[in-house]
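Each remark here refers to the structure printed beneath this line.
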Amino acid sequence: EAGVVQSPRYKIIEKKQPVAFWCNPISGHNTLYWYLQNLGQGPELLIRYENEEAVDDSQLPKDRFSAERLKGVDSTLKIQPAELGDSAVYLCASSLEAGGPYNEQFFGPGTRLTVL
Amino acid sequence: GENVEQHPSTLSVQEGDSAVIKCTYSDSASNYFPWYKQELGKGPQLIIDIRSNVGEKKDQRIAVTLNKTAKHFSLHITETQPEDSAVYFCAAVRPGGSNYKLTFGKGTLLTVNP
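Take a look at the structure:
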């Protein structure tokens with residue numbers, strides 16, 4: 008069974024440019040998460056979806072970040088415009104909805120963003 | 017919000033030795049504590065977890081202990097092997113209906129020397 012798929016794996020852009028990351032969760036997983044992982048740190052939640060609904064976006068910087076999961080399957084995270092401090096790894100994870108916080112979260116390999 | 021402290025930040029052991037990583041959490045309402053292993057270029061992967069109604073859990077060479085009173089939990093790896101080399105993250109979950117969140121520690125880079 009395929010795991011969580013993310014693309015691109017690496018992205019280098021200049022500051023003030025837009026960038027988008029794509030995630031396809033494990034089939035049947037209704038819950039999808041986007042995390043930010045800075046170098047030497049643990050992942051930090053940006054947004055959590057239950058199906059197509061964003062149920063927790065309290066940590067998403069809404070002035071420049073946006074996300075969507077239109078059909079309740081794959082998801083896109085966008086940054087516009089990117090800043091130097093956005094350089095990090097963006098991780099996507101998915102889990103079964105039933106069981107909520109006690110369900111294992113399966114992570115993708117991440118997209119490493121470098122903003123020059 | 018929840019705060020998870022993890023120590024040490026780096027740990028180097030000889031193959032066959034044991035490794036222990038310790039974490040503390042701040043929110044006494046947290047009741048689920050997973051541990052993740054992250055290899056280079058990959059996302060974190062769950063290796064073991066424990067709920068607050070259990071004091072210890074073991075799975076082959078890895079075990080986790082939890083002290084609710086002191087609000088700390090630990091990962092123990094015995095008979096370490098080179099393939100155990102990775103970054104390990106502890107985490108804590110505070111339930112709250114739809115507002116639950118996994119809070120991670122900063123990670124421990126474990127190096128197992130052959």
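Protein chains in written order, with my numbering: chain Y, 8 to 123; chain W, 17 to 130. For glycine and all other residues, C-beta sits at the position ideal for the given N, C-alpha and C. These numbers come from a predicted model, not from an experiment.
Check: Reference serine 68 of chain W, options W/Gln61, W/Gly57, W/Leu82, W/Glu55, closest by Cα; Outcome: W/Leu82
Check: Closer than 8 Å to chain Y by CB, phenylalanine 120 of chain W; Outcome: yes
Check: Start and end residues, beta strand (DSSP E) containing histidine 36 of chain Y; Outcome: Per DSSP, histidine 36 of chain Y belongs to no beta strand (DSSP E) and is neither H nor E.
Check: Euclidean distance between Cα positions of tyrosine 104 of chain W and lysine 18 of chain Y; Outcome: 26 Å
Check: Whether tyrosine 97 of chain Y touches leucine 123 of chain Y by CB criterion (8 Å); Outcome: no
Check: Assigned secondary structure, proline 50 of chain Y (DSSP; H/G/I helix, E/B strand, else coil); Outcome: coil
Check: Beta strand (DSSP E) segment containing aspartate 65 of chain W, residue limits; Outcome: 61-67
Check: Coil, strand or helix - leucine 91 of chain Y by DSSP; Outcome: helix
Check: Partner residues on chain Y for leucine 82 of chain W, Cβ-Cβ distance less than 8 Å; Outcome: Within chain Y, no residue comes near leucine 82 of chain W; the closest Cβ sits about 15 Å away, beyond 8 Å.
Check: Given glutamine 97 of chain W as reference, the closest of W/Ser34, W/Gln22, W/Lys73 once Cα atoms are compared; Outcome: W/Ser34
Check: Tyrosine 109 of chain Y, enclosing beta strand (DSSP E) - first and last residue; Outcome: Premise fails: tyrosine 109 of chain Y is in no beta strand (DSSP E) and is neither H nor E.
Check: Nearest residue (CA-CA) to glutamate 99 of chain W, options W/Gly17, W/Ile37, W/Leu125; Outcome: W/Leu125
Check: Chain-order list of residues whose beta-carbon lies under 6 Å from that of valine 12 of chain Y (same chain, five-residue window excluded); Outcome: Asn31
Check: Cutoff 6 Å; reference phenylalanine 120 of chain W; Cβ partners in own chain excluding five residues on either side; Outcome: Phe105, Ala107
Check: Closest by C-alpha distance to lysine 69 of chain Y, when choosing among Y/Lys78, Y/Ile54, Y/Val80; Outcome: Y/Ile54
Check: Chain Y contacts made by the segment 56-78 of chain W, where a contact means CB separation under 9 Å; Outcome: Gly57, Lys58, Gly59, Pro60, Gln61, Leu62, Asp65, Arg67
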